[in-house]
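Student:
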Amino acid sequence: MAKIPVSMTVNGKPVLRWVEPRTLLIHFLRDDLGLTGPHIGCETTHCGACTVDLDGKSVKSCTMFAAQAEGASVMTIEGLTAPGGTLHALQEGFREMHGLQCGFCTPGMIMRAYRLLQENPHPSEEEIRFGISGNLCRCTGYQNIVRAIQYAAGKLSGVEFKEAAE
Amino acid sequence: MNDVPSTSQERAEKLEGLGCKRKRVEDIRFVQGKGNYVDDLRLSGTLFGDLVRSPHAHARIKSIDVSEAMKVPGVLAVLTAADLKPLALHYMPTLAGDVQAVLAEDKVLFQNQEVAFVVAETREAAADAVDLVDVAYEALPVVIDPFKAMAPDAPVLREDIRDKLEGAHGRRKHYNHIFTWEMGDKGATDAAFERAEVTIKELISYQRVHPSPLETCQCVASFDKVRGELTVWGTFQAPHVIRTVASLISKIPEHKIHIIAPDIGGGFGNKVGAYPGYICAIVASIVTGRPVKWVEDRIENLSSTSFARDYHMTAEIAARRDGKVTGLRVHVLADHGAFDACADPSKWPAGFFNIVTGSYDFPVAHCSVDGVYTNKPPGGVAYRCSFRVTEAAYCIERAMDILARKLEMDPAELRMRNLIRREQFPYQSALGWEYDSGDYHAAMQKAMDSVGYATLRAEQKAKQEAFRRGETRTLMGIGVSFFTEIVGAGPSKNCDILGIAMFDSAEIRVHPTGSVIARLGTKSQGQGHETTYAQIIASELGIPADDITVEEGNTDTAPYGLGTYGSRSTPVSGAATAVAARKIKAKAQMIAAHLLEVHDDDLEWDVDRFRVKGAPERFKTMKELAWAAYNSTPKGMEKGLEAVDYYDPPNMTYPFGAYICVADVDVDTGETKFRLFYALDDCGTRINPMIIEGQVHGGLTEAFGIAMGQELRYDEDGNVLTASFMDYFLPTAVETPRWTTDWTTTPSPHHPIGAKGVGESPNVGGVPCFANAVNDAFAFLGATHIPMPHDHWRTWMAADQLGLHAA
């Protein structure tokens, strides 16, 4: 199949690759750019393991063509850690609150939570639960993910989240 | 030379050993997207495999034409059974003593069964070619309902074994019959029923469900023709077993096979077995000499890899009028699908279903299980439970509630009257188990006190009266369950897999500078083994957990082990870890005695050091002893400080728990909300309370999914109706209840650190708790048993059948 050029900004760096028109964004990120943080869990937009941030919105990169992201600015989990290696408050919160187990949903879940906190820096528990309901986790039962996001929301606004993981 | 003085307690806390809510080591990489899962692997020259699958549930294959598929640019090969047969690889052995078709030869036996394997340069080319493989089928009548499998005129499903009257577990009664398995004293049980003052009998079905880890099953096989060596990276919960099976069926010597399970994105039993895709990828790599990657999609995962449950249990309890149970009789019809690929220890075709007497003191019991073939996918894995234990727990916990209703007794009170008493442990159950330890009444009482049980029942009574008066359309249900798990398979006297005893292993090496690497035969899929095993070693050896690396999943480096499932890692490998550490400690003590010039009996252990009794200022720390082990050992003692242990558990462990939940059911919509879920778990000694809580949360959420919506459904033609997350229910954060966790601690008397295992308890106890709550909501209106799953539609139907929607 004839290839087409696709260019976009990924984690702050411009990229250009020739890909088949049917190449999905998730395969573009994982196979062409080697960014294996976003995962594939269902191919049907249900699980959210492939969630990345695209022009200020959460998108599920498994049901979007790479070509549709032409000219866009994309951020994956790999772009969340500061250049010096300092973890983002969400990454820290997920560890502090035991918000992950197998880790497979985690990159998508954190990227979704990142956008949620951009849109709503002080979400209630209900708002967090609704806000991450497009991302499935099979391990944690979500309760500690909610705590992790609360922890990060607090830290980002200078308020320490007190509740321990147990 | 010696450390800064500090108290024993301060030094112990710094170790982050047993009982510490230690943050997980694994998380550092996972939160940065730096996990290393199978599909992340990039080997140069990798080919991609994709499977052609059957659209029919039962059909004869008339012909397979691969010519068009081979024309797709980038396609190298299309494998069919005809290619595998000369290698004797068109069938593979299952863990249950049956065989399973790798690629279908003459017939397909379930929808989406594997028929051909395309190998191509890209995943897209492989997918294109799959569409062009032309298979001609002649449809055959299907068997979907297990109750019709043994009808005299039922279609013959397994023509390959049609005339084989002896199965792996004895005589077969019918060509679609697999086995009959019995436990207990039938005569005494029948007699108890004849004498009984009260009896109940109910068909309690546990629907077919699927574990659905978020990562599907996948592998990369790479055969090195020059060395004659095979390396397979895969989603394997039991890497060593995969290596042995691969060697036995491929005839490649076992030392030339390297199995690597990297990070695994959840397992829950789904990744115990060997699947046709693995075999095909291996063969394709041998044929092409290049690495071959095979990654299932979600439809394939849900519709072809191992399901769980599909147990249809007819339960009967005999009791006195005062509620004391006097006998239990259970017959199970088990739907194993097209091949018996049930993942159980070899001698246990129905797993440990004989734990069905539960937590109660039944003087006599009898259970029997008949397994049958149907036109559904093979499997029968333990979806987050020990082998068939959650089926047993659901059965007995529903049956006890049904008995309570018949006796007009509170379900908690009925349980209290029948729970095994503390002084009865070790307890011999009527169906052959020896329960190791427990204080069931204390746990049940603590649960009831914690939720305010009596107050809840009073509220429910008031709500029921309001409902009868027409003042509300909401019913309140209180779910109670008390479960006993049986985990830690298992003792070699009765547990093996394909003839290999179900021990497990740990190898610990202490380096000269006092840091450690430990390698184990188990394999974490999210349970946090890298964190918790280090905590065991930290407490045993006085070495900080942060100085201990735990490695699993590489069969070249790890000692042989049977893998992680059935909550066996802590009971078996956790024990091996403690015992191996104690071997090291014993050697360190001899070295300390040598250095301090005292008899080793004159030394005592203090957190991280051996000190001279009565002279605590004279000591050698483990760090010092590690260094000494490499240069100043006593005469005659070999250098080094390492040990390995293969632990053969003397008994299973028996975690238990008391769960109570409260549901509010809208009779007009069928919608059910859980306002409270309280889970008290007793898993013996607690290694990491944070991780235990996380395991309980996760297990309860999976139980919620099963009880409230999950079901693999098939239409009458055998078409799977639930092959994506559109139709197969996985709970989101919105509907998932809030969990309250609690615990009691009754150490296992036979485990080196008293731990029992916890990962699966919440699924075992959770499912009946949810189901009992929904049933309890309707019970006062005359409902006896409403089957799972309790989704809105079925709950609405239940309300409708009770006449609650009449104008």
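In the order they appear, the protein sequences are chains A and B.
Just so we're aligned: the first sequence equals residues 7 to 172 in the working numbering.
Just so we're aligned: the second sequence equals residues 145 to 951 in the working numbering.
Positions of the beta carbon are idealized from the N, C-alpha and C atoms, including for glycine.
#1: So what does DSSP say about A/P20, is it helix, strand or coil?
#2: Please report how far the alpha carbon of B/N799 lies from the alpha carbon of B/T889, in whole angstroms.
#3: How many whole angstroms separate the CB atoms of B/H895 and B/G828, which I take to be in contact at a CB cut-off of 8 Å?
#4: Does DSSP put B/M145 in a helix, in a strand, or in coil?
#5: Going along the region 860–893 of chain B in order, which residues come within less than 7 Å of chain A, judged by CB to CB distance?
#6: B/G413 and B/A459 - do their beta-carbons sit closer together than 8 Å?
#7: Any C-beta of chain A sitting closer than 8 Å to the C-beta of B/I408?
#8: Name the chain A residues whose beta carbon is nearer than 9 Å to that of B/T845?
#9: Using the three-state DSSP reduction, which class does B/L948 fall into: helix, strand or coil?
#10: Are A/G114 and A/C56 close, meaning C-beta to C-beta below 8 Å?
#11: Assign B/G665 to one of two classes, buried (16 or more other C-beta atoms within 10 Å of its C-beta) or exposed (fewer than that).
#12: Candidates A/Q149, A/H128, A/L31 and A/Y148: which alpha carbon is nearest A/S163's?
#13: At the 8 Å Cβ level, is A/G109 part of the contact set with chain B, yes or no?
#14: Look up A/K63 in the DSSP assignment and say whether it is helix, strand or coil.
#15: Counting Cβ pairs closer than 8 Å, one from the region 456–476 of chain B and one from the region 495–509 of chain B, do we hit at least three?
#16: For A/I116, decide whether its Cβ has a neighbour in chain B, counting only Cβ atoms nearer than 8 Å.
#17: Between B/T939 and B/T845, is the Cβ-Cβ spacing less than 8 Å?
#18: Going along the chain, which residues of its own chain have a beta-carbon closer than 6 Å to the beta-carbon of B/A543, five neighbours each way excluded?
#19: Please report the distance separating the alpha-carbon of A/G137 from that of A/L122.
#20: May I ask you to verify whether the region 430–440 of chain B touches the region 729–738 of chain B, counting CB pairs closer than 8 Å and requiring at least 3?
#21: Let me know if B/I172 comes out buried or exposed under the rule of 16 or more other beta-carbons within 10 Å of its beta-carbon.
#22: Which residues in chain B have a C-beta closer than 7 Å to the C-beta of A/L93? List them in chain order.
#23: In angstroms, rounded to a whole number, what distance separates the CA positions of B/I348 and B/Y571?
#24: Can you name the residues of chain A whose CB is closer than 8 Å to the CB of B/G672?
#25: Can you name, in chain order, every residue of its own chain whose Cβ lies under 7 Å from the Cβ of B/I630, other than the five neighbours on each side?
#26: Does the contact criterion of 3 or more C-beta pairs under 8 Å hold for the region 198–209 of chain B versus the region 250–262 of chain B?
#27: Would B/H841 pass as an interface residue toward chain A - the criterion being a Cβ-Cβ separation below 8 Å?
#28: With a CB to CB cut of under 6 Å and the five nearest residues on each side skipped, what residues in its chain are close to B/T693?
#29: Taking 8 Å as the CB-CB limit, is A/S64 close to chain B?
#30: Would you kindly check if the distance between the Cβ of B/K415 and the Cβ of B/F451 is under 8 Å?
#31: Look up B/S150 in the DSSP assignment and say whether it is helix, strand or coil.
#32: What first and last residue would you give for the beta strand (DSSP E) that runs through B/L374?
#33: So for B/V389, helix, strand or coil by DSSP?
#34: According to DSSP, B/R653 sits in a beta bridge with which residue or residues?
#35: What residues from chain B crowd round A/E125, counting only those whose CB sits closer than 9 Å?
#36: With a threshold of 7 Å, establish whether the CB of B/S892 neighbours any heavy atom of the ligand COA.
Tutor: Looking at the atomic coordinates:
#1: Stepping through the first sequence from its first residue, residue 20 of chain A is reached at position 14. Strand at A/P20.
#2: Looking up residue 799 of chain B in the second sequence gives position 655. Looking up residue 889 of chain B in the second sequence gives position 745. For clarity, residue 799 of chain B is Pro in the given sequence; the question names Asn instead. The straight-line gap from Cα to Cα measures roughly 10 Å.
#3: Position 751 of the second sequence, counted from the start, is the residue given in the question as residue 895 of chain B. Position 684 of the second sequence, counted from the start, is the residue given in the question as residue 828 of chain B. So it is a contact: roughly 7 Å between Cβ atoms.
#4: Taking the second sequence and counting its residues from 1, one reaches residue 145 of chain B at position 1. In this prediction, B/M145 scores a pLDDT of 45, lower than 50, which makes its location untrustworthy; no coordinate-derived value is stated.
#5: S868, F869, M870, L874, T876, A877, V878, T880, R882 and W883
#6: On the second sequence, position 315 is the one that residue 459 of chain B refers to. On the second sequence, position 269 is the one that residue 413 of chain B refers to. Cβ distance not < 8 Å, so B/A459 and B/G413 don't count as in contact.
#7: Residue 408 of chain B sits at position 264 when you count from the first residue of the second sequence. True, the Cβ-Cβ gap to chain A drops below 8 Å.
#8: Counted from its first residue, the second sequence places residue 845 of chain B at position 701. By Cβ distance, chain A contributes C143, R144, C145, T146, G147, Y148 and Q149.
#9: As a position in the second sequence, residue 948 of chain B is number 804, starting the count at 1. Here B/L948 sits in coil by DSSP.
#10: Against the first sequence, residue 114 of chain A aligns to sequence position 108. Against the first sequence, residue 56 of chain A aligns to sequence position 50. Against a cut-off of 8 Å, the Cβ pair of A/C56 and A/G114 comes out as a contact.
#11: On the second sequence, residue 665 of chain B is found 521 positions in, with the first residue counted as 1. It counts as buried.
#12: Residue 163 of chain A sits at position 157 when you count from the first residue of the first sequence. Nearest C-alpha to A/S163: A/H128.
#13: The count along the first sequence starts at 1 and reaches residue 109 of chain A at position 103. With 8 Å as the cut-off, A/G109 counts as an interface residue toward chain B.
#14: As a working mapping, residue 63 of chain A is identified with position 57 in the first sequence. Strand, per DSSP.
#15: yes
#16: For this step, residue 116 of chain A is matched to residue 110 along the first sequence. So, interface residue.
#17: Residue mapping note: residue 939 of chain B aligns to position 795 of the second sequence, counting from 1. Residue mapping note: residue 845 of chain B aligns to position 701 of the second sequence, counting from 1. No. Outside cutoff.
#18: Here residue 543 of chain B is taken as the residue at index 399 of the second sequence, counted from 1. Counting only Cβ-Cβ distances below 6 Å, and skipping sequence neighbours, we find A459 and I461.
#19: Translated into the one-based positions of the first sequence, residue 137 of chain A becomes position 131. Translated into the one-based positions of the first sequence, residue 122 of chain A becomes position 116. Their backbone Cα atoms lie some 6 Å apart in a straight line.
#20: no
#21: The residue given as residue 172 of chain B occupies position 28 in the second sequence. Exposed, by the Cβ-count rule.
#22: Here the question's residue 93 of chain A lines up with position 87 in the first sequence. Simply V175.
#23: If you number the second sequence from 1, residue 348 of chain B lands on position 204. If you number the second sequence from 1, residue 571 of chain B lands on position 427. Distance between the alpha carbons of B/I348 and B/Y571: 27 Å.
#24: Within the second sequence, residue 672 of chain B is the residue found at index 528, counting from 1. Residues of chain A passing the Cβ test: Q107.
#25: Mapped onto the second sequence, residue 630 of chain B falls at position 486. Around B/I630: F496, I499, S530, V533, W577, M796 and Y798.
#26: yes
#27: By one-based count along the second sequence, residue 841 of chain B stands at place 697. It does; some Cβ of chain A falls within 8 Å.
#28: For the purposes of this step, residue 693 of chain B is taken as residue 549 along the second sequence, with counting starting at 1. Around B/T693: I661.
#29: In the first sequence, counting from the first residue as 1, residue 64 of chain A sits at position 58. No, A/S64 does not count as interfacial toward chain B.
#30: Walking along the second sequence from the start, residue 451 of chain B turns up at place 307. Walking along the second sequence from the start, residue 415 of chain B turns up at place 271. Not a contact, by the Cβ cut-off of 8 Å.
#31: Taking the first residue of the second sequence as 1, we reach residue 150 of chain B at position 6. In this structure, B/S150 counts as coil in the three-state DSSP scheme.
#32: Here residue 374 of chain B corresponds to residue number 230 of the second sequence, with the count starting at 1. Unbroken beta strand (DSSP E) run through B/L374: E373 to G378.
#33: For this step, residue 389 of chain B is matched to residue 245 along the second sequence. Three-state DSSP puts B/V389 in a helix.
#34: On the second sequence, residue 653 of chain B is found 509 positions in, with the first residue counted as 1. Looking at the DSSP assignment, B/R653 forms a beta bridge with B/I661 and B/E786.
#35: Taking the first sequence and counting its residues from 1, one reaches residue 125 of chain A at position 119. Chain B residues near A/E125: none, gap ~17 Å exceeds 9 Å.
#36: Looking for the ligand COA in the displayed structure turns up nothing, as the structure carries no ligands at all.
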